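Notes to accompany the following structure.
Numbering (the working numbering), first residue to last: 15 to 95.
What follows is the structure in structure tokens.
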């Protein structure tokens with residue numbers, strides 16, 4: 015039987031992968047800013063990446079909540095071997 019909650023698990027996995035990438039990009043921007051702290055372009059990129067991180071964290075939380083609700087509504091049957 016197919017897991018009805020699989021879509022939420024997949025969404026969570028994708029959001030986590032995206033968050034990992036965004037955090038790496040943020041680290042690189044912060045390193046670049048140490049060399050050139052007054053760069054308007056880098057500061058703009060940092061603001062944008064922080065916004066993208068907040069959005070992605072919200073997506074993670076939403077996927078977690080949706081998955082928890084789904085698992086309550088569709089409990090996995092216990093199989094005896």
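Glycine included, each C-beta is placed from N, C-alpha and C at the ideal position. If you're wondering where the values come from, they're calculated on a predicted model, not measured in any experiment.
Which of the three DSSP states is assigned to residue i in this structure?
i: residue 50; result: coil
i: residue 84; result: helix
i: residue 70; result: helix
i: residue 6; result: The requested residue 6 is not part of the displayed model; the chain covers only 15 to 95.
When you compare only the Cα positions, how much space is there between residue i and residue j?
i: residue 71; j: residue 21; result: 17 Å
i: residue 63; j: residue 40; result: 6 Å
i: residue 23; j: residue 65; result: 23 Å
i: residue 78; j: residue 85; result: 10 Å
Would you please state the rounded distance, in angstroms, between the beta carbons of residue i and residue j? I believe it to be under 8 Å.
i: residue 69; j: residue 59; result: At roughly 15 Å, the Cβ-Cβ gap does not stay under 8 Å, so residue 69 and residue 59 are not in contact.
i: residue 67; j: residue 38; result: Wrong, their Cβ atoms sit about 11 Å apart, outside the cutoff.
Across the region 76-93 and the region 44-55, are there enough close Cβ pairs to call them in contact, namely three or more that are closer than 8 Å?
no
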